[in-house]
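One structure is given below, encoded as structure tokens.
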Amino acid sequence: FILPVATAFCISVYGFFEALSIRTEHVTIATTKLPPAMPRLRIVQLSDVHLGLIVREERLARILAAVRAAEPDLLVITGDLLDGQPDGYAPLARMIGAIKSKLGKFAITGNHEYYVGLGEMEAFCREAGLTLLRGEETSAGGVVNIAGVDDPAGERAGLTHRVSESALLQGLPTDGYTLLLKHRPVVAAEARGLFDLQLSGHVHKGQIFPFNIVTHFFYPVKMGLSAAGSGSSLYVNRGAGTWGAPIRFLAPPEVTVIDLVRGV
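Residue numbers (the numbering used here): 2 to 265.
In structure tokens, the structure reads:
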């Protein structure tokens, strides 16, 4: 009895402090699709922050400190930004609004945005200066193409903008670098080759080991960067916040810095 209780206590204490220890993961990708005048484009990805009752100003400040240190050209948030009780979000939105990003700040919905309320997410994005992409595509400063799709969690309530990913992506200029923002790390077969990099989150790397084994059954992709087929790539972010208990064990929180550099 004493041994498992002591083990659980030690893991919980360690996991509490691991959840506060933000890691910055650096990835460099060579591409021929950057403008000649831009040798490097820096993208910072946040995912699964889960702002709510537990992840508040103090934890968000730690996350945003890593974002500021990276000096992003482009900030993207790939879902589950909000969670839980929607009251008191205004100060958190202003904190994100203070982040500078030369080419803009973009977000998509995750499943938890529909639990909080889509209206709350839309209001938060307006306050934070985030462009919410819901089955839409745009250009970030004329440098990169960005397409964002809704999480399917809102389908039953008729809140999800259902779009064909292939139709959405086919309209984008092929000479520009294309980012696809999609909360769940599932690559649609018909979309392969139509985007350069899909950025996703959702799985938290299980958040508490060994739940990563369980999540891998549902989403059999590796964390980090991997090939998605037909010249496309997928990056799966571990998430910056926590869902449920404020604990992460062997799945540290992450802010991703992706440098696109001119090359072959």
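Each residue gets a CB set at the ideal place from its N, CA and C atoms; glycine is no exception.
Asked	Found
In three-state DSSP terms, what is I55?	coil
Using the Cα positions of V6 and N112, report the straight-line distance between them to the nearest angstrom.	34 Å
Would you say V56 and T243 are within 9 Å of each other, going by their C-beta atoms?	yes
Apart from the five residues on each side of it in sequence, which residues of its chain come closer than 7 Å, Cβ to Cβ, to I248?	S13, G16, F17, A20 and I209
Taking DSSP's pairing of strands, which residues face R41 in a bridge?	V262
Would you kindly work out how many angstroms separate the C-alpha atoms of S165 and H205, rounded to a whole number?	26 Å
Let me check understanding here. Comparing Cα to Cα, which of L42, I259 and D81 lies closest to L226?	I259
For the beta strand (DSSP E) containing V14, name the first residue and the last one.	Not the beta strand (DSSP E): V14 falls in the alpha helix (DSSP H), residues I3 to L21.
Quick check on DSSP: helix, strand or coil for H1?	The chain is shown only over 2 to 265; residue 1 falls outside these bounds and no answer can be derived.
Three or more C-beta pairs closer than 8 Å, one from the segment 72-90 and one from the segment 116-134: is that the case here?	yes
Which of helix, strand or coil does DSSP assign to L200?	strand
When the Cα atoms are used, what is the spatial distance from L261 to L4?	49 Å
According to DSSP, what are the bridge partners of D77?	One point to set straight first is that residue 77 is Val, not Asp, in the sequence displayed. In DSSP, V77 forms a bridge with Q46 and F107.
Per the DSSP calculation, N146 is bridged to which residue(s)?	S140 and T179
Please report the straight-line C-alpha distance between T33 and V77, rounded to a whole angstrom.	22 Å
Where does I214 land, buried or exposed, given buried means 16+ other C-beta within 10 angstroms?	exposed
Where does F250 sit, in a helix, a strand or coil, going by DSSP?	strand
How many Å lie between D151 and F2 at the Cα?	46 Å
Using the C-alpha atoms, what's the distance from F10 back to R193?	45 Å
Which word fits K223, buried or exposed, when buried means at least 16 other C-beta atoms lie within 10 angstroms of its C-beta?	exposed
Taking the straight line between their C-alpha atoms, what separation do you get for H203 and I44?	19 Å
With a 10 Å radius around its C-beta and 16 neighbouring C-beta atoms as the bar for buried, classify F196 as buried or exposed.	buried
Looking at P221 and S201, is the spacing between their C-beta atoms short of 9 Å?	no
Could you tell me which residues DSSP pairs with V215 in its beta bridges?	In DSSP, V215 forms no bridge with anything.
Out of K106, G232, E128 and V188, point me to the one whose CA is closest to S140's CA.	K106
Name the two residues that bound the continuous beta strand (DSSP E) containing L235.	S233 to V237
Verify whether the separation of the beta carbon atoms of T257 and V50 is less than 9 Å.	no
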